[in-house]
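Residue numbers (the numbering used here): 59 to 466. Built from N, CA and C at the ideal position, the CB exists for glycine as well. Below is one structure, written out as structure tokens, with a few remarks after it.
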């Protein structure tokens, strides 16, 4: 493993420390740039900028056309594309097979000459399958609840060559059925980019417009509450938007489009409350942290990690899908102190703590060295796809069992 540059970086409280050479692997379905398509892109964008601003040498491997917005910033980031084109979001990972294989071969052939540590955020199977062949340690952050492709890669490889972290304790607990040791690095936001707002007379919903994010439920809740609603975010699922959202627009419900971060912060800060309506278990819920940073109270469905973010001082948590309870809570949160809501965000969801936590993990992994030897090899593709098939069958049986239990 290379010794790394003898440059200095800023550590906690500005204490100088040795700069690290960090390779960040993102997914290649959406560019890492503003306006953000979703929470993962925002998370990686801010992480890379924060690491570089602290004086570390960061190389980002991401979708073509990624842009860290660093042209006028006092730091530089090397951004390298994964492949040459962006494929539809709904495609399975197989079409990206060659792109991620080429990336991992580049990192393996580098032999530690260019990087001290690799931090993987991709949803693709190759980084995990080939981690054991790297000559530097790798950390994989798991941004979702367990999904088929990643579960299968971890099981096929035994997780060799990578350590694992998740963005909340609730998400980590789900992954511990797949991999024993999952650290927790709570998600966070750059609070200064979400300034305190004055509030207003409308409600706001923001995020990806997809069925699992549930903007249709926000529309129902807002109309039950008798308050106007503004929706913001990229349309991921055009069919869902046409059937469940567009017919309800007009009058008191407005879709304002996919906004850049400053414009979105202004919209959220000018709202009386933010409606958070996930129809799946959120691993963290960046929109909760972003709304609270603006001082805007939140009313959220109780899914995944959200209950751990929302306290009675900053909002209300209601049963999943209960739009009547969400509407009833609007008047309740109107009495909350916006200053207290923002203060809670600064204390509990600022990204400063997560950045320092990651740096501590990087240094520990570097000190330990790679968790396996490159001679250990990696699982064959037939073994991986056999594991994929078994996992898919097991997940299908488990899903049927859950549905039967609900019927009973």
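Query, Result
"From 89, 318, 326, 341, residue whose alpha carbon lies closest to that of residue 353", "326"
"DSSP beta-bridge partners of residue 332", "262, 356"
"Where residue 295 sits in the DSSP three-state scheme", "coil"
"Test item: CB-CB of residue 81 and residue 114 under 7 Å", "no"
"Beta-carbon contacts of residue 263 that lie in its chain and below 6 Å, excluding the five residues immediately before and after", "273, 276, 289, 333"
"Test item: CB-CB of residue 270 and residue 338 under 7 Å", "yes"
"Check whether residue 85 and residue 190 have beta carbons under 7 Å apart", "no"
"Beta-bridge pairing of residue 139 - partner residues as DSSP gives them", "120"
"C-beta contact flag for residue 243 and residue 412 at 7 Å", "yes"
"Per DSSP, the bridge partner or partners of residue 47", "One cannot answer for residue 47 here, as it falls past the ends of the chain, which runs 59 to 466."
"Where residue 451 falls, given that 16 or more other Cβ within 10 Å makes a residue buried", "exposed"
"Limits of the alpha helix (DSSP H) - the one that residue 384 falls within", "381-391"
"Of the listed residues 407, 448, 171, 421, nearest to residue 252 (C-alpha basis)", "407"
"The stretch 157-177 / the stretch 306-315 touching (three or more Cβ pairs under 8 Å)", "no"
"Beta-ladder partner(s) of residue 373, from DSSP", "356"
"8 Å Cβ shell around residue 285 - same chain, five flanking residues per side excluded", "259, 260, 261, 310, 330, 388"
"Residue 222 beta carbon less than 7 Å from that of residue 267", "no"
"Burial state of residue 250, where buried means 16 or more other Cβ atoms lie within 10 Å", "exposed"
"Alpha-carbon to alpha-carbon, residue 438 and residue 246", "37 Å"
"Reduced DSSP category for residue 144 - H, G, I as helix; E, B as strand; rest coil", "coil"
"Bounding residues of the alpha helix (DSSP H) (the contiguous stretch that carries residue 162)", "155-168"
"Alpha carbon of residue 117 to alpha carbon of residue 265, nearest angstrom", "27 Å"
"Straight-line gap, residue 380 to residue 373 (C-alpha atoms, nearest Å)", "16 Å"
"Between the CA atoms of residue 112 and residue 473 - distance to the nearest angstrom", "The chain is shown only over 59 to 466; residue 473 falls outside these bounds and no answer can be derived."
"Alpha carbon of residue 123 to alpha carbon of residue 140, nearest angstrom", "10 Å"
"Residues bridged to residue 290 [DSSP beta-bridge criterion]", "264"
"6 Å Cβ shell around residue 136 - same chain, five flanking residues per side excluded", "117"
"Distance cut-off 6 Å: residue 242 Cβ against heavy atoms of the ligand GTP", "For the structure depicted, the ligand GTP is absent and the ligand set is empty, with no information on it obtainable."
"Candidates 120, 256, 384, of which the one nearest residue 395 by Cα", "256"
"Residue 358 vs residue 368 beta-carbon contact at 7 Å", "yes"
"Span of the alpha helix (DSSP H) around residue 188", "Run containing residue 188: none; DSSP gives neither H nor E here."
"Rounded C-alpha distance that separates residue 418 from residue 295", "39 Å"
"CA-to-CA distance, residue 297 to residue 360, given in whole angstroms", "26 Å"
"Where residue 231 falls, given that 16 or more other Cβ within 10 Å makes a residue buried", "exposed"
"Coarse secondary structure for residue 197, derived from DSSP in three states", "strand"
"C-alpha distance - residue 383 paired with residue 376, whole-angstrom precision", "6 Å"
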